[in-house]
Amino acid sequence: MGVLNVTSDSFSDGGLYLDYEAAVRRGREMVAEGADLVDIGGESTRPGAGTVSPDEELRRVVPVVEALAGEVRVSVDTAKASVAHAALRAGASLLNDVSSSLAAVAAEHGAGFVAMHCKGTPADMQVDPRYDDVVGEVTVFLERCVTQARAVGVTEVYIDPGIGFGKSVRHNLRLLAALPQLVATGVPVLVGTSRKGFIGHLGAGGSPDGRVGDIPPLVASERLEGSLATAVWAMACGAAVVRVHDVAATVQAARLFGEVAA
Ligand code: HH2
Numbered sequence: 188m189g190v191l192n193v194t195s196d197s198f199s200d201g202g203l204y205l206d207y208e209a210a211v212r213r214g215r216e217m218v219a220e221g222a223d224l225v226d227i228g229g230e231s232t233r234p235g236a237g238t239v240s241p242d243e244e245l246r247r248v249v250p251v252v253e254a255l256a257g258e259v260r261v262s263v264d265t266a267k268a269s270v271a272h273a274a275l276r277a278g279a280s281l282l283n284d285v286s287s288s289l290a291a292v293a294a295e296h297g298a299g300f301v302a303m304h305c306k307g308t309p310a311d312m313q314v315d316p317r318y319d320d321v322v323g324e325v326t327v328f329l330e331r332c333v334t335q336a337r338a339v340g341v342t343e344v345y346i347d348p349g350i351g352f353g354k355s356v357r358h359n360l361r362l363l364a365a366l367p368q369l370v371a372t373g374v375p376v377l378v379g380t381s382r383k384g385f386i387g388h389l390g391a392g393g394s395p396d397g398r399v400g401d402i403p404p405l406v407a408s409e410r411l412e413g414s415l416a417t418a419v420w421a422m423a424c425g426a427a428v429v430r431v432h433d434v435a436a437t438v439q440a441a442r443l444f445g446e447v448a449a
């Protein structure tokens, strides 16, 4: 799944694809690089991000969905029902909802649904997140989402532990280590680690029990190697989908991984 952020402020590529032409060009480039899915979003969910009005999010997302949906499977990354309806009408067939609240909208359009775990909201989620048992809590939450999504009629559901969404570096590591348990639920698992803060922290030599910012992290453009390491880990654990910015590099890694595993 290639990430296409039609935003001004996404943490790693904000502003690059806000323009319609640039977004469609990048979408096509990702398809040529081997993406099976393009995930189009019009609002950043980075820690501390501001919100975008529904009208503005629609204006950003829908034309790009329309342009790409005939060429590749498109998912829409939104937590707003109005944007989800419009994007699914425009040709998207998967709803990637970081709020995990829009399963009924996906069902109405016969679309797939990604349920992702997030503790808090993007505004406050990275302010000292705490869990007694992060893997247990996330697993129970996601299993409940799957039950609810199936109950309202969604037939294609994915679960995503929500790396970086209300998680410390240690929480992210525990969840990645526990991917085989999530895979064992039998529900296809989607994993999004690409360029995230914990990669910048650990890649720069930070402690797994430290906080992002304790030491100067690698900047987003320096996180490809760490992103690939975690994507390949997710594949080895049996994840069905990895959500990535660097499609060409990840496809190469996936090809090598696939041949070795075969
Ligand atoms: N991560 C981001 C956004 N959407 N959706 C799912 N299912 N899983 C994720 O891990 C995930 C997601 C954050 O990454 P990005 O879109 O690059 O950044 P921003 O939210 O700043 O646009």
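Just so you know, we're using my numbering here: the sequence shown kicks off at 188 and counts up by one.
Glycine included, C-beta positions come from ideal geometry on N, C-alpha and C.
Treat the numbers as computed from the prediction; the structure is a model and nothing was measured.
Quick check on residue i: buried or exposed, where buried means 16 or more other Cβ atoms within 10 Å of its Cβ?
i      : result
Thr265 : buried
Asp284 : buried
Leu191 : buried
Gly392 : exposed
Gly297 : exposed
Ala448 : exposed
Gly445 : exposed
Gly229 : buried
Ala371 : exposed
Ala310 : exposed
Ser408 : exposed
Leu282 : buried
Gly202 : exposed
Gly257 : exposed
Leu275 : buried
Leu415 : buried
Gly484 : What the structure shows of the chain is the stretch from 188 to 449, and residue 484 is not part of that stretch, so it cannot be assessed.
Gly323 : exposed
Taking a contact to mean a Cβ-Cβ separation below 8 Å, would you say residue i touches residue j in this structure?
i      : j      : result
Leu255 : Gly214 : yes
Cys305 : Ser286 : yes
Val270 : Val225 : no
Val321 : Arg361 : yes
Gly516 : Arg430 : In the structure as shown, the chain begins at 188 and stops at 449. Residue 516 is therefore absent and cannot be evaluated.
Val193 : Val248 : yes
Lys354 : Pro316 : yes
Val438 : Glu220 : yes
Ala294 : Val339 : yes
Leu245 : Ala273 : yes
Ile346 : Asn359 : no
His432 : Ser381 : yes
Pro234 : Gln313 : yes
Asp196 : Ala236 : yes
Gly413 : Gly390 : yes
Leu252 : Ala222 : A small fix is needed here, since residue 252 is Val in this sequence, not Leu. Not a contact, by the Cβ cut-off of 8 Å.
Trp420 : Leu369 : no
Met422 : Phe352 : no
Reducing DSSP to helix, strand and coil, say where residue i ends up.
i      : result
Ser262 : strand
Tyr207 : helix
Val285 : coil
Ala302 : strand
Val438 : helix
Leu443 : helix
Asp347 : strand
Ile386 : helix
Asp433 : coil
Asp226 : strand
Gly189 : strand
Val218 : helix
Leu142 : Because the chain is modelled from 188 through 449, residue 142 falls outside the range shown and cannot be assessed.
Val419 : helix
Leu377 : strand
Val428 : strand
Asp272 : It should be noted that the sequence gives His, not Asp, for residue 272. His272: helix per DSSP, three-state reduction.
Arg233 : coil
His296 : coil
Ser408 : helix
Compute the beta-carbon to beta-carbon distance between residue i and residue j, rounded to the nearest angstrom, for a pair I have assumed lies under 8 Å.
i      : j      : result
His388 : Val399 : 4 Å
Glu357 : Ile386 : For clarity, residue 357 is Arg in the given sequence; the question names Glu instead. Between Ile386 and Arg357 the Cβ distance is about 14 Å, and since that is not below 8 Å, they are no contact.
Met424 : Leu377 : As written in the sequence, residue 424 is Cys, which differs from the Met given in the question. Contact flag wrong, Cβ pair sits at about 12 Å.
Val261 : Ser280 : 7 Å
Ala440 : Ala418 : 6 Å
Val325 : Pro348 : 5 Å
Quick one: does the C-beta of residue i sit closer than 7 Å to a heavy atom of the ligand PLP?
i      : result
Val301 : Ligands in the displayed structure: the ligand HH2; the ligand PLP is not one of them.
Exercise. Touching or not, the segment 195-215 and the segment 321-334, by the rule of three or more beta carbon pairs under 8 Å?
Worked result: Counting Cβ pairs under 8 Å, fewer than three are found: no touch.
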